[in-house]
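Presented below is the structure to which this report refers.
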Amino acid sequence: MRIVRFSPVAADPILKLGKDPLFGLLNDDQTIAVIEGDPLYQGVRPVGKAVPLSQVRLLAPVLPRSKVVCIGKNYADHAKEMGGEAPAEPVIFLKPNTSVIGPGDTIAWPAMSDRVDHEAELAIVIGRICKDVPKERINDVIFGYTLANDVTARDLQKKDGQWTRAKGFDTFCPLGPWIETDFLPGKQSITATLNGEVKQSAHLSDMIFDIPTIINFVSQVMTLLPGDVILTGTPAGIGPMPEKSTITVAIEGLGELTNRVSAHG
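This is the structure we're talking about:
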């Protein structure tokens, strides 16, 4: 299933959808079957209404109530380009939930930074409260997968010597365009394309730490809640996004996430 979160472009007097954000199932015919409530808490329950995809604005498919957990240096080539060795265990950091935006939204360039980078990533969406998850049980706690861009103010990362400010600005965590519940990570390609030019290109199988290892490790550190998102790391090729540029993150079989960058703040 492809779960979307959306806002109708205009109130529909026939379907009576209003303008508040809703969840739905994206069908093959490019219509969205509206579902009741939040599927992470109430399950997937269609209400018998459908709306064309062309008549809605897609939002971030999940708005984390709790946290976005990120794994750093999870591709050996990226660790090398950052001037370090591959880590012996997953490196964890957090992005605030206020950094999340959706497909088509604008990444706001903060005034205090002179370099804003793209980082294409696969994101895991957690579906239930969990702690100390065994590797063989990770599918019990995964709701699905989506795409992410771990936007980073690279100059501030170097200046601060840690990552909170550089990765925590509002709009610095684009997610979307949907949650795919049937996706199985393997050898699929992952790319980042900036203004039509491919900048990052790898395969999910190039990860140092696989999905079971990541969830097992993170859940030993902190309790995971429904709607929490885990970003699984980025391959080599990170680089600056110029003002007013367009960045697209793509994962084979999962879709594309496109955002524009604003002018320098």
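Under the numbering used here, think of the first position of the sequence shown as 11, with each following residue one higher.
Cβ coordinates follow ideal geometry from the N, Cα and C atoms, glycine included.
Euclidean distance between Cα positions of Ala246 and Asp165
On the sequence shown, residue 246 is found 236 positions in, with the first residue counted as 1. On the sequence shown, residue 165 is found 155 positions in, with the first residue counted as 1. Distance between the alpha carbons of Ala246 and Asp165 is about 18 Å.
(message) Let me make sure I understand the geometry here. Which of Glu46, Ile42, Glu146 and Lys77 has the alpha-carbon closest to that of Leu235?
(response) For the purposes of this step, residue 235 is identified with residue 225 of the sequence shown, where counting begins at 1. Selected option, being the one with the closest Cα: Lys77.
Exercise for the section: Indicate whether at least one CB of chain D lies closer than 8 Å to the CB of Glu91. Expected result: Going by chain labels, chain D is absent from the structure shown, which holds only one protein chain.
Check this for me: beta carbons of His128 and Met251, under 8 Å apart or not? Looking up residue 128 in the sequence shown gives position 118. Looking up residue 251 in the sequence shown gives position 241. It is a contact, given that the beta carbons lie within the stated cut-off.
Margin query: Using a 10 Å radius around the Cβ and a threshold of 16 neighbouring Cβ atoms, would you call Lys209 buried or exposed?
Written below: Start at 1 with the first residue of the sequence shown, and residue 209 comes out as number 199. Buried.
### Query
Does DSSP put Val151 in a helix, in a strand, or in coil?
Indexing the sequence shown from 1 puts residue 151 at position 141. Reduced to three states, the DSSP call for Val151 is coil.
### Query
Is Val66 closer than 8 Å to Phe16 when the C-beta atoms are compared?
Looking up residue 16 in the sequence shown gives position 6. Looking up residue 66 in the sequence shown gives position 56. With respect to the 8 Å criterion, Phe16 and Val66 are classified as neighbours on the basis of their beta carbons.
- Query: So is His88 buried or exposed if we call it buried at 16+ other beta carbons inside 10 Å?
  - Reply: Residue 88 sits at position 78 when you count from the first residue of the sequence shown. Flag for His88 reads buried.
| said: What does the alpha-carbon distance come out to for the pair Gly38 and Arg175? | reply: Along the sequence shown, read from residue 1 onward, the residue named residue 38 stands at position 28. Along the sequence shown, read from residue 1 onward, the residue named residue 175 stands at position 165. For the record, residue 38 in the displayed sequence is Asp; it is not Gly. Answer to the nearest angstrom: the Cα atoms are 40 Å apart.
| task | Using the Cα positions of Thr242 and Leu104, report the straight-line distance between them to the nearest angstrom. | result | By one-based count along the sequence shown, residue 242 stands at place 232. By one-based count along the sequence shown, residue 104 stands at place 94. Approximately 12 Å between the Cα atoms of the pair.
Sequence-distant residues of the same chain with beta carbon closer than 8 Å to Ser255, five excluded per side: Position 245 of the sequence shown, counted from the start, is the residue given in the question as residue 255. Leu204, Asn205, Arg270 and Val271.
Which of helix, strand or coil does DSSP assign to Glu253?
The sequence position of residue 253 within the sequence shown is 243, counting from 1. Residue state, collapsed to three classes: coil.
Closer than 8 Å is the cut-off here; do at least three beta carbon pairs connect the stretch 177 to 197 with the stretch 151 to 167?
By the C-beta criterion, the stretch 177 to 197 is judged to be in contact with the stretch 151 to 167, since at least 3 inter-stretch pairs fall below 8 Å.
Contact check, Lys90 vs Val101, beta carbons under 8 Å = The residue given as residue 90 occupies position 80 in the sequence shown. The residue given as residue 101 occupies position 91 in the sequence shown. With contacts defined as CB atoms closer than 8 Å, Lys90 and Val101 fail to qualify as a contacting pair.
* C-beta atoms of Asp150 and Met11 nearer than 8 Å -> Along the sequence shown, read from residue 1 onward, the residue named residue 150 stands at position 140. Along the sequence shown, read from residue 1 onward, the residue named residue 11 stands at position 1. For Asp150 and Met11, no; Cβs fall outside 8 Å.
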